[in-house]
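If you're matching positions, the sequence shown starts at 1 in UniProt numbering and goes up one per residue. Glycine included, C-beta positions come from ideal geometry on N, C-alpha and C. Below: the structure, in structure tokens.
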Amino acid sequence: AGLGDVLVATPGRIADHLRTTPGFPALLGSVHTFVLDEVDQLLDGGFRVAVSRIVSALPAATERQTLLFSATLSDEIRAVARQAMRAGDATRIVDCVGAGAQDATA
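Shown next, in the form of structure tokens:
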């Protein structure tokens with residue numbers, strides 16, 4: 001069977017495969033695009049160590065595209081962005097809501 005083009009999993013599950021599945025680290029080493037959705041929720045859920053392990057197993061930031069999505073932008077999220085993204089890219093922030101907008105998640 002061939003390898004898939006898309007991997008969707010929780011950080012905890014990917015980190016588990018990094019530790020226990022032979023050949024899995026090499027698979028992550030060929031990733032071209034890395035997406036972290038709901039970064040604020042992942043960090044609130046205690047996945048910071050797992051995210052760091054995953055990022056460490058990926059190709060260098062200059063060799064992949066990284067997309068991070070978050071409803072908030074705390075110092076901890078900025079730190080994850082600095083670790084996962086190319087230098088300078090972590091400062092590219094797109095505000096899809098705008099100042100003074102009603103909180104849609106409340």
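Asked	Found
Contact between the stretch 19 to 31 and the stretch 44 to 51 (3+ Cβ pairs under 8 Å)	no
is_contact[A79, chain D] using C-beta, thresh 7 Å	Absent from the structure is chain D; it holds one protein chain and no more.
From A84, F69, R78, residue whose alpha carbon lies closest to that of H32	A84
Identified DSSP bridge partners for T33	Q65
Reference A87; option with closest CA among T62, I14, A71, D37	T62
Neighbour-count burial assignment, L67, 16 or more Cβ in a 10 Å radius	exposed
Helix, strand or coil at T20 according to DSSP, with G and I counted as helix	helix
First through last residue of the alpha helix (DSSP H) which encompasses V51	48 to 57
Proximity below 7 Å, CB of I77 to CB of V39	yes
P25 vs A57 beta-carbon contact at 7 Å	yes
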